[in-house]
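Q:
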Amino acid sequence: MTDQAAGVDALQRIALKIFLDDEAVLDPRDVIPIFHRWIQTSAVDGLLIDLADYTHMTSGPSVLLAAHEGHYAIEQSGGRLGIQYARRADQKGALAERLHAAARTLVKAGRLLEADTSLGGQVRFRGDQLECLANDRLSAPNRRETLEAFRPAVESLLATLGPDDDWSLTQEADERERFGVLATSGSGAGLDLLEARLG
Amino acid sequence: MSWKETLGDRIPAELGREIDTYENQIALKRQGKIDDKVFAETRLRRGAYGQRYDNGQRNDGNGVKLLPFPSDGQTKGPDTVWDAPGMMRIKIPFGGLTADQMDTLADLSEEYSDGVCHITTRQDIQLHFVHIDDTPALMRRLAAVGITTREACGNTVRNVTACPLSGVCRDETFDVTPYAEASMRFLLGHPDTQDFGRKFKVAFSGCREHACGLVNMHDFGGIAVTREVDGVTERGFEAYVGGGLGAVPHEAKIFDPFLKEEDVLPTLQAMSRVFARLGEKRNRARARIKFLVQQLGIDEFRRLVREEREALEHDDRWSAFIERVNTPTDAPLLEGAGSDEAAGSDAFQAWRRTNVYPQRQPGYAVATITLPLGDLSGWQLRRLATLARRFVGDAVRATVEQNIVFRWVREADLPELHQGLEALGLAQPGAGTIADITACPGTDTCKLGIASSRGLAAELERRLADQLSSLDESVRNLRIKVSGCFNSCGQHHISDLGFYGVSRHVGGNVVPHFQVLLGGKWVENAGSYGLAIGAIPAKSIPEVVRRITDRFVEERNGDESFYDFTSRIGKRALRDMLQDLTAVPDKLVNADFYRDWGDPREFGIGDMGVGECAGEVVSLTEFDLAGAESQVFEAQLALEENDPARADKLAYGAMLQAAKGLIKTEFIDISDDPSQIVTEFRTRFYDTEVFFDKYAGGKFANYLFRRHEQAGPTAERDVARQLIEEAQLFLEATHACQARLAAIPPPPTAAAGPSLGGVQ
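So the sequences go chain by chain: Z and E. Just so it is clear: in the first sequence, position 65 is 68 by the working numbering, and no numbers are missing. Just so it is clear: in the second sequence, position 444 is 882 by the working numbering, and no numbers are missing.
(1) Give a yes or no on whether 9 Å exceeds the smallest Cβ distance from L102/Z to chain E.
(2) Quick one: grab the DSSP three-state call for T518/E.
(3) Chain E beta carbons: is any one of them nearer than 9 Å to that of L141/Z?
(4) With a threshold of 9 Å between beta carbons, is D53/Z in contact with chain E?
(5) In angstroms with no decimal places, state the Cα-to-Cα distance between V640/E and A8/Z.
(6) Report the neighbours of R820/E on chain Z: residues whose CB is nearer than 8 Å to its CB, in chain order.
(7) Kindly indicate which residue of P144/Z, G191/Z, T173/Z has the alpha-carbon position closest to the one of L14/Z.
(8) With 9 Å set as the bound, which would you pick, yes or no: does the beta-carbon of L902/E sit closer than that to a beta-carbon of chain Z?
(9) Using a cut-off of 7 Å between C-beta atoms, extract the partners of Q43/Z located in chain E.
(10) Should L68/Z go down as buried or exposed, given a rule of 16 or more other Cβ atoms within 10 Å for buried?
(11) With Q733/E as the anchor, note down where its alpha helix (DSSP H) starts and where it stops.
(12) If you measure between the beta carbons of G534/E and T615/E, is that distance less than 9 Å?
(13) First and last residue of the alpha helix (DSSP H) that includes D904/E?
(14) Taking the beta strand (DSSP E) that M525/E falls in, what are its first and last residues?
(15) For the beta strand (DSSP E) holding I563/E, just list the boundary residues, first then last.
(16) Does DSSP put F693/E in a helix, a strand or coil?
(17) Under 7 Å Cβ to Cβ from G1053/E, same chain only, skipping five residues before and after it: list those, please.
(18) Between the Cα of T58/Z and those of V66/Z, G193/Z, L51/Z, spot the shortest distance and give me the residue it belongs to.
(19) Could you compute how far the alpha carbon of T173/Z sits from the alpha carbon of D458/E?
(20) Evaluate T664/E with the Cβ neighbour count: other Cβ atoms within 10 Å of its Cβ, from every protein chain shown; 16 or more gives buried, anything less gives exposed.
(21) Looking only at DSSP bridge pairs, what is L535/E linked to?
(22) Using a Cβ-Cβ cut-off of 6 Å (strictly less than) and excluding sequence neighbours within five positions of Q564/E, which residues of its own chain qualify?
(23) Quick one: which residues of the segment 22-49 of chain Z get their C-beta closer than 7 Å to a C-beta of chain E? List them in chain order.
(24) Does DSSP classify V940/E as helix, strand or coil?
(25) Between which two residues does the alpha helix (DSSP H) carrying I672/E extend?
(26) Please name the residue, chosen from A685/E, R484/E, L902/E, that lies closest to Q1160/E on a Cα-to-Cα basis.
(27) Taking Cβ positions, are A714/E and Q632/E nearer each other than 9 Å?
(28) Return the chain-ordered ranges of every alpha helix (DSSP H) run that is complete within the segment 584-653 of chain E and spans a minimum of 4 residues.
(29) What does D521/E touch in chain Z if you count any residue whose Cβ is under 7 Å from its own?
(30) Which of the three DSSP states, helix, strand or coil, is assigned to N963/E?
(31) Is the CB-CB distance between L919/E and L935/E below 9 Å?
(32) Roughly how many whole angstroms lie between the Cα atoms of L1179/E and K1025/E?
(33) Under a CB-based cut-off of 9 Å, is S941/E close to chain Z?
(34) G717/E by DSSP, collapsed to three states: which one?
(35) Are the segment 499-507 of chain E and the segment 578-597 of chain E in contact at 8 Å, needing three or more beta carbon pairs?
(36) In angstroms with no decimal places, state the Cα-to-Cα distance between C1051/E and Q1017/E.
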C-alpha cells in the first residue's frame, strides 16, 4: 500500500452531503425548531449537543446540529442547499464500512426532514447525487492520487446506493479545497429506498 | 505522518517547543498528573477556551439533560468535560492577516471546527466546537504561517489591537502599527507578564477623534501625538491606563500626556511589574489593573511605575524597532489609479458609499468586507485570500467591528473587487452603519451568556438592512452593540444604542430581557460609556430601536449628535417613552415573549414548585426589586445632573431595597433600618452562601457591605458612577437569587444558575 493509500485508508473525518431537489421549498430557519426537537427526542444518531444558527451566512453551514460523533448541517457550500453529515469521531472498520455508516446516518436524517410535517411534506432530497468530502488535508490532500486511493471505498458505497446505476465521479478542481468528489448517476432513488439498501 | 512531521521546520523552533510542551501537558492531564485548575489556566494561556455546555449538561427546553460524553470522568478543568467541544481563540495582532494565514485559518475552520470563522471585537479569530485533542495540530499549522495562540486567553497580555486604518488614514498623526507589533512581540511570554491576577489589554490609536483603537476602554492605551523640540519633531503617545468595560466599567486615566516612543516598551514592562506585584490575585472580580489604579490613585500608580522603570535593566528591544517605524507596514501591490466615482451598478454604488474609505494616498482606498455577526465560512475566507492576492497582497486586517478590510485597493479596481465579493456572498453594503451590529457570542457558545446577543443582533440586522437606504442619514450612521451579559464583550457601553442580556422572573417564568444603554460614545476612542435605563423584554427590543431612532429624527437640533440628543432629552424622558414596552404579556396571550431570539426553546423552563405563600412573598420581593431598579435609574439621573452625593445615596438605597426584598422571603417584618437590613442579609444570604454566584461567589454582596461601611456619600463622580454600576450588578444578582429561591431553573443552565462571574 502506498503512503497515499494508507493515509486515505486511515481517513476518519468524512463528510457526506445530499442535495435538495427543490431549494425553494426549504427556508433553513424552519429547520431550527426541528433540530431542537431532534435533540429533545434523540431522533438521530449520536450525542447531540447543541444547535448553531448561521442563517445569516450565505456560504457554509446554515443551521448546524453539533454532535460528539459528527455534525449535521443544512449546508449551502457551492451555492447548493442540502443536508450534510460530517463525521468527527473515529469509527471502526475499513474506509468503505465507515462511508456506509456515515451514509446511513445521513440518509436517516434526510428521511426525517422529508417526513417532518412542519415542512409541509415538500422537502425532497435527490438520490442521484452524493458529495463525499475528506475533511482532513493531511490524510487526504486534494490530489489525483487521493482519488485513486479513495475510489474503491466510494464505489463500494455507490454500488450499495444505486447498484444498477452508472455513477460518475468528479473531483473538486481547486487543490486548496478539501479532497472531495461529486458522485452523479443518471437516475436517483428516493431516500426510503436508499435507506433500505444501506440496511 | 503527523502535522508535526509534515510541517517540519516551517514551524519556528521556539513555537514548536512550546506546542510540544503543551501536547505533553495534555498527555499528563489525561494521566491525572496535572490539577484541573492548573491545566485550565495552561490551556487558556494557549487560547483553548471553554464553551457552553462543556459541564456536560444542557437544558433542551424540556429540562436539564445530561450530555453523556465518553470521557470517563476525564476533565480539562473544573466542571469541564474532556470531550466537550471548546472554543479556540487565535490572536491576530492589530488584526493584520496575510493571504497565506487566511488560507490556513479557512482550512482549520473546516477540519477542526464547524466550517465557520468568527471575527471578535478584539481583532481575534475564534473557532468553535473544537476538540482539545485537535488543538496541538491546529496550533502547529498556525505556527507554520506565523501565528501563535499563546496568551490569547488567561491572565495574560491579550491581543494588542490597533486601528485598521493605521498607515493609510487621512487623519492619523502617524502609523501606530509598528508600535502595536513591537509591544506584542516584546510582551508575549515576557517573564514580567506571567504573574497577573487578571488579563491586560493594550491598544494603539492614530488619532484622538475617531473610534480607532478605543483607547479609553483599555488597560493601557496610546494615542499617537507629536511635539516639536528644538525644531525636531518627536513622536510619542498620550498614554492612558486603567480603562475597561466589563461588569464595572472604568474610563481610562491619563498616565502621561507625552510618553516618548522609546519609552513605550519599558513603561509597559514597568507597569506589568507593578500590576503583577500589587494587583489583586485572590478576588478576580477586582483584579484588573483599573482597580489597582483606583485603589492607589493615578498619581501614586504613576510614581510606582516610573520608579520601577528607573530600576529596570536596559533591554535593547525597547528601541530596536524604532528604526523601522517609518517603513510602511504594508505596501501597495499595484500602482494607484483613480476611478470614475459615478460608474458602476447601483449595488456597487451602494456598497461604495458605506464600505469604501479613500486613503490618504491618492488612488487607493480601504474596502470593508461586511461580515454579518462577524462570521464567514472557511470557503469564503479561502476565496477572500484569493481576492487579496489579486488586489492587495497581504494588506488585510480584521476590525473590532467584526469585519475585514482590504487596504491599498486601487480605486480603479473597486468595481472588480465588488464583483468578486458578490460571487462570495460578501458584498453587503452598510459597513459602519446601524445595520452593521457588533455582538459577542452570548448564549450561542459562551458559558456566561444570559440572553441571545447574536439572536437579537441578527434580527435587528435583518430589519435594518432592509431599510438602510431609506433610513435618515442621522440614524444610518448610529452604532448598535449587543452583549449576552453585563461583561460587555459586545462593547455595549460604547455604542449609541447598547444592549446587554438579563433575565426577569415574571409570573412564575423566566423571561429574556435586555438592558438598554444610552449615552455611550464610539468616537473619541470610546469617549463615553453609556448607562442602563431599564430592562426591556428581548422581543420588544426592535421596537425600542424604532422608537428611539424615530424620535431622534423628529427632534434632532440641526447637526446634533445622538449623544447630545440623548443628553438633552434626558434619560427620564427616554425611559418614559419605553415604559409600556417593559410589560410582558401573559404566556397564554403571547408565548413568544418567553423564548429568546432565534431559539424556540422556552427560556428557563423548568419544574415549578412555588406554593401560594411563596407566591405572595415573591410578589413582595418583586415590588422591592422594582423599587430598587427605579432608585438605580434615579441615581443615574443624579449623576447626569452632576450630583454624585445624591447618586451615591440612591445607588446605596437601591441595594438596600433589593436586599430587603430578598430578606422578605424569610423575614417579612424586616425594618427600613440599613444596619438591620445588612445584618439580616449577611446572616441569611451571605453567610449561608444562598446569594452566592457559582463563579463570582459573594462579590456582589460585598458591594453592599463595602458601601454600608462607608461613612457617608461620596462627592467624587467616578466613585458614584462605580457604585451605580455595582448597584446594577447587585440587582441582577438579586434577581438571579430570587429565581433560584422560586425553584425555577434559571437561565441559561439550570444546574449552574445564571453566572454573574467575569469572563475567562
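C-beta atoms are modelled at their ideal positions from N, C-alpha and C, and glycine is treated no differently.
A: Judging by the given coordinates:
(1) no
(2) strand
(3) yes
(4) yes
(5) 49 Å
(6) R179, E180
(7) A check of alpha carbon separations from L14/Z across P144/Z, G191/Z, T173/Z identifies P144/Z as the nearest.
(8) With 9 Å as the cut-off, L902/E does not count as an interface residue toward chain Z.
(9) D498, G499, N500
(10) buried
(11) Here the alpha helix (DSSP H) through Q733/E covers 727-734.
(12) yes
(13) 891-905
(14) 524-528
(15) 563-568
(16) strand
(17) Any answer about G1053/E is weak, because its pLDDT of 30 lies below 50 and its placement is not dependable; what the coordinates show is given next. None.
(18) From the listed residues V66/Z, G193/Z, L51/Z, the smallest Cα separation to T58/Z is found for V66/Z.
(19) Answer to the nearest angstrom: the Cα atoms are 39 Å apart.
(20) exposed
(21) V834/E
(22) M525, R527, H556, T558
(23) I35, P36, H39, I42, Q43
(24) V940/E: strand per DSSP, three-state reduction.
(25) It should be noted that the sequence gives Glu, not Ile, for residue 672/E. Unbroken run through E672/E is the beta strand (DSSP E), 670-679; no alpha helix (DSSP H).
(26) A685/E
(27) yes
(28) 615-625
(29) H71
(30) helix
(31) According to the sequence as given, residue 919/E is Lys; it is not Leu. Contact: yes.
(32) Whole-angstrom Cα-Cα distance: 21 Å.
(33) Residue-level contact by beta carbon fails for S941/E and chain Z, as no gap is shorter than 9 Å.
(34) Collapsing the DSSP output to three states places G717/E in coil.
(35) no
(36) Because the pLDDT at C1051/E is just 29, under 50, the model does not fix this residue reliably, and the value given afterwards should be weighed accordingly. Answer to the nearest angstrom: the Cα atoms are 30 Å apart.
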